[in-house]
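Written out below as C-alpha cells is the structure these notes cover.
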Amino acid sequence: MERAWKCATTKTQDHYTCKANEIIASVIKTVAPDSAPQLWEAVRTKGKVSQFLQMPRPDNGLVQAIVESYKLAEKAETRRQLLSICAIKVTYSELTAHIPKLTRYEFTAARRYALEVGAGLPVLAPSVKQTRERVDPTKLEHFLDFITSSNIVQDLPFGRRTLTLSSGEKIDIPNVIRTMLPSHLIRQYNQYCSEEDFIPLSTRTLFRILSEACVASVRKSLQGLDSYAAEGRRGFDDLIFLLDTLMQYGANDPEIHKLN
Numbered sequence: 001m002e003r004a005w006k007c008a009t010t011k012t013q014d015h016y017t018c019k020a021n022e023i024i025a026s027v028i029k030t031v032a033p034d035s036a037p038q039l040w041e042a043v044r045t046k047g048k049v050s051q052f053l054q055m056p057r058p059d060n061g062l063v064q065a066i067v068e069s070y071k072l073a074e075k076a077e078t079r080r081q082l083l084s085i086c087a088i089k090v091t092y093s094e095l096t097a098h099i100p101k102l103t104r105y106e107f108t109a110a111r112r113y114a115l116e117v118g119a120g121l122p123v124l125a126p127s128v129k130q131t132r133e134r135v136d137p138t139k140l141e142h143f144l145d146f147i148t149s150s151n152i153v154q155d156l157p158f159g160r161r162t163l164t165l166s167s168g169e170k171i172d173i174p175n176v177i178r179t180m181l182p183s184h185l186i187r188q189y190n191q192y193c194s195e196e197d198f199i200p201l202s203t204r205t206l207f208r209i210l211s212e213a214c215v216a217s218v219r220k221s222l223q224g225l226d227s228y229a230a231e232g233r234r235g236f237d238d239l240i241f242l243l244d245t246l247m248q249y250g251a252n253d254p255e256i257h258k259l260n
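At position 89 of the sequence shown (counting the first as 1) the number is 89 in the UniProt record's numbering, and the numbers step up by one without a gap.
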C-alpha cells in the first residue's frame, strides 16, 4: 500500500482489508491446521497484536473515567458495556491495575461485546409488535354503548353465535335481538350524535361493525315480549288458511287433514 490509510479511498481500504483477512486466516490455518478457530480467539483475546503494531494507547484520563463509571454501575450489563470501550485497547494486566477484582471472564466478555455489538454501544432491544388502531377507541366505545342499550337490544336471546377474536380465540355468545335494521339504526345513531355534538365514525365503518363484528338478529318492534308468541301464532293461522284455500281448489281431503 503506497499511500497512507487515511488518504486512501474507501474502495482501496476495502481491498486491502480483504487481502489482510485472507493472509491472517492463511497464517492461522498454517500454524494450527486443526485448531485454527481456537487459536484466532486466543490471539484476539490476548491483544498482543495491538502491541506489536504499536497501536495508540487510550488516554489515561479516559481510562480512569471509564473505571470510575464501571465501579458505580449497578448492573452487570452496564459494566460490560463500559468496559468494552477500553478492553480492546489495553491488556488484562493493565486493567487489573485499576480494577483489582476484575476477572479474566469479565475482561474476555467485554472484548467479545466490543467485537459483536460495538465498543460502548447499547444492545438493541427486540422489536415490539405494534398493533395499528384503525378506528378511534373512544368513538367505537360510544357506538357500542348505543347499540347495546335497552332501546336497541331486546333482553330475550335468540340462539347462540360464535365470535372469533383477532387472536384466533373463539367465544360462544348469545345471539342478541335488535329492534331495527342496520340502516335505521345508523341513521338514528347519527341523529343522536348530532344532538350530543359528537363526531361519530364514518357510515361505512359503522356498517362494517354491525355486519362483521356485532352481528345480531333483527325482529319487528312489537308491544312486549308476548307479542313474539302472537306473531308466531299468526303464522300458523296463515298456514291453516292456506290449507283451506287449497281444499277449495280441489286438494285431497286426507292430505289436508294430515297437514292440519
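The C-beta atom is built at its ideal place from N, Cα and C for all residues, glycine as well.
Owing to the predicted nature of the structure, the values given are computational and were not obtained by experimental measurement.
query	result
Whole beta strand (DSSP E) elements within the region 131–205, 3-residue minimum	160–164, 170–174
Three-state class that DSSP yields for Thr91 in the structure shown	coil
Simplified DSSP state of Arg79, which is helix, strand or coil	helix
N-terminal and C-terminal residue of the alpha helix (DSSP H) that residue 268 is part of	Any question about residue 268 goes unanswered here, given that the chain covers just 1 to 260.
Three-state secondary structure (DSSP) of Glu20	The amino acid at residue 20 is misidentified as Glu; the sequence shows Ala. DSSP places Ala20 in helix when its eight states are reduced to three.
Rounded C-alpha distance that separates Tyr92 from Tyr105	10 Å
The region 105–117 in contact with the region 133–146 per 3-pair CB rule at 8 Å	no
Helix, strand or coil at Arg3 [DSSP, three-state]	coil
Val43 Cβ short of 7 Å to the ligand FAD heavy atom set	As presented, the structure is devoid of all ligands, the ligand FAD included, so that no description of it is given.
Whether Thr205 touches Ile186 by CB criterion (8 Å)	no
Straight-line gap, Lys6 to Thr17 (C-alpha atoms, nearest Å)	13 Å
Straight-line Cα distance separating Ser183 from Leu246	39 Å
Where Cys214 falls: helix, strand or coil (DSSP)	coil
Short Cβ contact (8 Å threshold) for Ser99 with Leu82	It should be noted that the sequence gives Ile, not Ser, for residue 99. No, Cβ-Cβ distance for Ile99 and Leu82 is not below 8 Å.
Assigned exposure category for Arg3 - 16 Cβ within 10 Å defines buried	exposed
Where Leu121 falls: helix, strand or coil (DSSP)	coil
Cβ pair Ile23, Trp40 closer than 8 Å	no
Residues near Ala25 in its chain [Cβ-Cβ closer than 6 Å; skip 5 each side]	none
Proximity below 8 Å, CB of Ala42 to CB of Ser84	no
Lys11 to Ala36 span [Cα, whole Å]	29 Å
CB contact flag (Tyr189, Phe236, <8 Å)	no
Same chain, Cβ closer than 7 Å to Thr103, five either side skipped, listed in chain order	none
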